[in-house]
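Visitor:
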Amino acid sequence: MALAISMEAIDARARELGIDLDSVDLDSITLPPGEDFDILSDDEDLLQNEDIPELEMGFANIIVVDNLPVVPPEKYEKLENVLRKIYGQLGVIKEGGLWMPTDPKTKKTLGYCFIEYNTPQEAELAVEKTHGYKLDKSHIFAVNMFDDFEKYMKVPDEWAPAEIKPYTPGENLLKWLTDDKARDQFVIRASTFTEVYWNDARRAMPELVYQKQYWTDSYIQWSPLGTHLATVHRQGAQVWGGDDKFVRLMRFAHPQLKLIDFSPGEKYLITYSSHEPSNPRDTHRVVLIIFDVRTGKVMREFKGSADDFTTGGNMGVSGVSWPIFRWGGGTDDKYFARLGKNVISVYDTETFALIDKKSLKVENVVDFSWSPTDPIISLFVPELGGGNQPARVSLVQIPGKEEIRQKNLFSVSDCKMYWQNNGEYLAVQVDRYTKTKKSIYTGFELFRIKERDIPIEVFELDNKNDKIIAFAWEPKGHRFAVIHGDGPKPDISFYTMKAVNNNVSRVSKLTTLKGKQANALFWSPAGRFIVLAGLKGFNGQLEFFNVDDLETMATGEHFMATDIMWDPTGRYLATAVTSVHEMENGFHIWSFNGKLIYKISKDHFYQFQWRPRPPSLLTPEKEEDISKNLKRYSKKYEQEDQDVNAHLDLEERKRRMQLQEVWESWVTKWKQLHEEERAFRMQLRGGEDSDKEEEAEYKEIEAEELVDVTEETVAFDLDQE
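Following the numbering used here, the numbering of the sequence shown begins with 21 at its first residue and continues without gaps.
Right, here's the structure in full:
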């Protein structure tokens, strides 16, 4: 908007600057074009460069309801009241926002109406809920957005073939996997900057790949296989990829976006927003959209009140659980499901509709989870009828919805389910009441999913009354770890699902570590190694433990650490202090055996994420062969390490020589300046050469003095100036 300034203000300002306006030829002045005179504001360049998805604007809060009864004037008010009753429940209708056109001749309605809501979200919900609504046998509502009519009216009458554009090769989204140094990438978000780095452990420093300011409005997230980096904006989400440029690959328009979630195989992206209701007594309106990541096509939308999406999961924004939809095991992205009241709704991605057009009915179900590798759901149902009907854990095969295993549980207080990442085992942690109902003890039900008939083994700690602080499976393995105890320093026990003699399938204890400052477990993605971490009250204590040898490799500390993350190969560990704390923000990089490699400080540090890797293309047999013959393969890399170290030593020598040259140049410069100012100094000191003061000689003189009858020789050091 242009700024209006009075002529009196211009005259006053000219007098302050000593300018005579009468002598100025205003017609000779040529101003730059444009309202802003071609002068950018401080944030104009950011707005111009920011990649903001463009949204179509129009009558987005107006709907058209067709197939209404055609009524005479005397029934107009009655029909209007019916429509207000139906559509007033779905949002706030604006004053004068319901209009039914009438025939000028007959004065009868024309069989359709327009309804204007306060927000587009309310209008979309009304379309979702009432399209196909059956008022009576003869009148089934057809409800559409008003904008849809305008969109379809623009469709040309004559078909024209699409323009075929010449093929241009796209970005190589997997090139980062071919790094000749076999390094991993990570992304950080600090202050207003988002930065992607190589983890260059050989040089003990990160190497910057890409940096961008104001890249995201909220947070960033890698896709599960590391192909894409997603940024979250108020207008929607964007995904980026490539070698080192990170070009934008796709936009996903979703106003007021808050959360995103990828499917395991990266084929789909779920976006989430919640909108405050017009009526304070109502709950937030929730909108979920499932996009095809590659094409950006909307595959399915889900809309409703927050109450429809508050069952199960980790609590997110506005009291809604997140993720709302949980994806089936594996990377084929074939099924996804969500928890409802007494149902689990399972969808397939061929039609994005319910399997068999109906949900899986499970009375009083409170939680479920997918096997990481197979289309199997584990679900938990608590006790019903005051304990008359026991709690149970069931395994259900999808898509047939067949119950393949069930275990009844008695006197249950709570239940948690932990899948091993290969889908071979399921651990069900069951908190039970004692007979007196005054205390609780914990046990485990261990399911062997891959074995015949899925045998279940009951497992308890040596002291079943110990509080369970943490439980974690070994990735790609058969062991698990448990932190347990009630004291300030709990114990940590390790178990294996294979008997020590490997003849019988039963749980065996490996060892117990007594009195550890730990409350969290972080297994290496490759197994074998685990970090026993003491977060929060333990102030970032770290113990690197080798489970094969049952020995501690190293201990360390990252004071006030909030996050601990293994890189996808299990070679390096990152510990971070995020902006949850005002001080000590930044991250440390450790080797798998506990050696601190480097540390980086960052003010206002928000996020650290390793870039995931896709599954290895090597067969298990090939990986085992490499492990057995590691010395033969490692010779090449040992030589590379020696070359890198030699290069680093050479760089260090060059750096020191450069520093010495800079110092000598500085000394020479000031000696020359000192000599040039000698005559001026002598003039200031009345002709005395002050430089000769430094040439004074110091002599030692002996003097004899008679003090008493006895002679003493006293030596004095006289300093001669």
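In this text, a Cβ means the ideal position worked out from N, Cα and C, and glycines have one as well.
Bear in mind that the values here come from a model prediction, so they are computed numbers and not experimental data.
If we count the other Cβ atoms within 10 Å of its Cβ and call it buried at 16 or more, is E144 buried or exposed?
Guide: In the sequence shown, residue 144 corresponds to position 124, counting from 1. Buried, by the Cβ-count rule.
Visitor: Thinking just about the alpha-carbon of each residue, which of T236, K455, Y438, A411 is nearest to the one in Q449?
Guide: Counting from 1 along the sequence shown, the entry for residue 449 is found at position 429. It is Y438 whose Cα lies nearest to the Cα of Q449.
Visitor: Can you name, in chain order, every residue of its own chain whose Cβ lies under 7 Å from the Cβ of E660, other than the five neighbours on each side?
Guide: Counted from its first residue, the sequence shown places residue 660 at position 640. Correct list: empty, nothing qualifies.
Visitor: Taking G324 and D394 to be in contact with their CB atoms under 8 Å, please state how far apart those CB atoms are, rounded to whole angstroms.
Guide: Against the sequence shown, residue 324 aligns to sequence position 304. Against the sequence shown, residue 394 aligns to sequence position 374. Actually they do not touch by this definition, with Cβ atoms about 30 Å apart.
Visitor: What span of residues does the alpha helix (DSSP H) with I106 cover, start to end?
Guide: What you label residue 106 is simply residue 86 of the sequence shown in a count that begins at 1. Its alpha helix (DSSP H) spans residues 96–107.
Visitor: Less than 8 Å between the beta carbons of D86 and A146, yes or no?
Guide: Along the sequence shown, read from residue 1 onward, the residue named residue 86 stands at position 66. Along the sequence shown, read from residue 1 onward, the residue named residue 146 stands at position 126. Their beta carbons are not under 8 Å apart, which means D86 does not touch A146 by this criterion.
Visitor: Check whether the Cβ atoms of I280 and Q255 sit closer than 8 Å, and answer yes or no.
Guide: Your numbering for residue 280 matches position 260 in the sequence shown. Your numbering for residue 255 matches position 235 in the sequence shown. No, they are not a contact pair.
Visitor: Within 10 angstroms of its Cβ, does G560 collect 16 or more other Cβ (buried), or is it exposed?
Guide: Start at 1 with the first residue of the sequence shown, and residue 560 comes out as number 540. So G560 ends up on the buried side.
Visitor: Would you list the one or two residues that DSSP bridges to M225?
Guide: One-based indexing of the sequence shown puts residue 225 at position 205. D220.
Visitor: Under three-state DSSP, which class holds D204?
Guide: What you label residue 204 is simply residue 184 of the sequence shown in a count that begins at 1. Of the three classes helix, strand and coil, the one that applies to D204 here is coil, per DSSP.
Visitor: When you compare the segment 84–103 with the segment 170–181, are there three or more beta-carbon pairs, one atom per stretch, that lie closer than 8 Å?
Guide: With a cut-off of 8 Å, the segment 170–181 and the segment 84–103 do not count as touching, because too few Cβ pairs lie within range.
Visitor: May I have the straight-line CA-CA distance separating F467 from R412, to the nearest angstrom?
Guide: One-based indexing of the sequence shown puts residue 467 at position 447. One-based indexing of the sequence shown puts residue 412 at position 392. Taking the straight line from one Cα to the other gives about 13 Å.
Visitor: Taking V84 as part of the alpha helix (DSSP H), name the residues at either end of that continuous run.
Guide: The residue labelled residue 84 in the question sits at position 64 within the sequence shown. Unbroken run through V84 is the beta strand (DSSP E), 82–86; no alpha helix (DSSP H).
Visitor: Cutting at 7 Å between CB atoms, please list the residues of its own chain near S433, excluding the five before and the five after it.
Guide: The count along the sequence shown starts at 1 and reaches residue 433 at position 413. The answer, listed in chain order, is D451, R452, Y453, I460.
Visitor: Which of the three DSSP states is assigned to G261 in this structure?
Guide: Counting from one through the sequence shown, the residue named residue 261 turns up at place 241. Note: G261 maps to strand in three-state DSSP.
Visitor: With burial defined as no fewer than 16 other Cβ atoms inside 10 Å of the residue's Cβ, what is the status of F169: buried or exposed?
Guide: Stepping through the sequence shown from its first residue, residue 169 is reached at position 149. Answer is exposed; the Cβ neighbour count stays below 16.
Visitor: Between R548, L245, I310, which lies nearest to F372 when the distance is taken from Cα to Cα?
Guide: Counting from one through the sequence shown, the residue named residue 372 turns up at place 352. Comparing Cα positions, the closest option is I310.
Visitor: So what's D394 in DSSP terms, helix, strand or just coil?
Guide: By one-based count along the sequence shown, residue 394 stands at place 374. The answer is coil: DSSP assigns D394 none of H, G, I, E or B.
Visitor: Between which two residues does the alpha helix (DSSP H) containing E477 stretch?
Guide: Locating residue 477 in the sequence shown gives position 457, where the first residue counts as 1. It is not in any alpha helix (DSSP H) - E477 instead sits in the beta strand (DSSP E) that spans 476–479.
Visitor: Under a three-way DSSP split, which group does R412 fall into?
Guide: Looking up residue 412 in the sequence shown gives position 392. Strand at R412.
Visitor: Excluding the 5 residues flanking E64 on each side, which residues of the same chain have their C-beta closer than 7 Å to its C-beta?
Guide: Position 44 of the sequence shown, counting from 1, holds the residue named residue 64. Note that E64 scores 40 on pLDDT, short of 50, meaning its location in the model is unreliable; the coordinates nonetheless yield the value given after this. Here the set comprises nothing.
Visitor: For Y657, count neighbouring Cβ atoms within 10 angstroms of its own Cβ and tell me buried if that reaches 16, exposed if not.
Guide: Residue numbering aside, residue 657 sits at position 637 when the sequence shown is read from its first letter. Classification for Y657: exposed.
Visitor: What is the DSSP secondary structure of G285, counted as helix, strand or coil?
Guide: As a working note, residue 285 is residue 265 in the sequence shown. Residue state, collapsed to three classes: coil.
Visitor: In chain order, what residues of the same chain lie with their CB nearer than 6 Å to the CB of P419, ignoring the 5 residues before and after it?
Guide: The count along the sequence shown starts at 1 and reaches residue 419 at position 399. Same-chain partners within the cutoff: I375.
Visitor: In three-state terms, what does DSSP make of A143?
Guide: Translated into positions along the sequence shown, residue 143 becomes position 123. Of the three classes helix, strand and coil, the one that applies to A143 here is helix, per DSSP.
Visitor: Within a Cβ cutoff of 6 Å, which residues of the same chain sit near E74, ignoring the five residues on either side of it in sequence?
Guide: Your numbering for residue 74 matches position 54 in the sequence shown. For E74, the pLDDT reaches just 42, beneath the cut-off of 50, and the residue's location in the model is therefore unreliable, leaving the point undetermined.
Visitor: Could you check the C-alpha separation between I290 and F272 for me, to the nearest Å?
Guide: For the purposes of this step, residue 290 is taken as residue 270 along the sequence shown, with counting starting at 1. For the purposes of this step, residue 272 is taken as residue 252 along the sequence shown, with counting starting at 1. So the alpha carbons of these two residues sit roughly 10 Å apart.
Visitor: What residues are listed by DSSP as bridge partners for W493?
Guide: Here residue 493 refers to the residue found at position 473 when the sequence shown is read from its first residue. W493 pairs with F500.
Visitor: I'd like to know if the segment 605–614 and the segment 182–191 are in contact, where contact means that at least 3 CB-CB pairs between them fall below 8 Å.
Guide: Judged by Cβ distances under 8 Å, the segment 605–614 makes no contact with the segment 182–191, as fewer than three pairs qualify.
Visitor: Note down the Cα distance separating D709 from S621, rounded to an integer number of angstroms.
Guide: Start at 1 with the first residue of the sequence shown, and residue 709 comes out as number 689. Start at 1 with the first residue of the sequence shown, and residue 621 comes out as number 601. Taking the straight line from one Cα to the other gives about 52 Å.
Visitor: State the Cα-Cα distance for the pair S341 and F329, rounded to the nearest angstrom.
Guide: The residue you call residue 341 lines up with position 321 of the sequence shown. The residue you call residue 329 lines up with position 309 of the sequence shown. Cα to Cα, S341 sits roughly 7 Å from F329.
Visitor: Per DSSP, which residues does S433 bridge with? Please list them.
Guide: Along the sequence shown, read from residue 1 onward, the residue named residue 433 stands at position 413. None; S433 has no bridge partner.
Visitor: Run through DSSP, which three-state label would L194 get?
Guide: Here residue 194 corresponds to residue number 174 of the sequence shown, with the count starting at 1. Note: L194 maps to coil in three-state DSSP.
Visitor: Can you tell me whether E724 is buried or exposed, with buried defined as 16 or more other CB within 10 angstroms of its CB?
Guide: Here residue 724 corresponds to residue number 704 of the sequence shown, with the count starting at 1. Answer is exposed; the Cβ neighbour count stays below 16.
Visitor: Is R652 helix, strand or coil when you go by DSSP?
Guide: What you label residue 652 is simply residue 632 of the sequence shown in a count that begins at 1. Correct three-state label for R652: helix.
Visitor: Can you give me the C-alpha to C-alpha distance between P284 and D353, rounded to a whole angstrom?
Guide: Counting from one through the sequence shown, the residue named residue 284 turns up at place 264. Counting from one through the sequence shown, the residue named residue 353 turns up at place 333. The alpha-carbon atoms of P284 and D353 are separated by roughly 7 Å.
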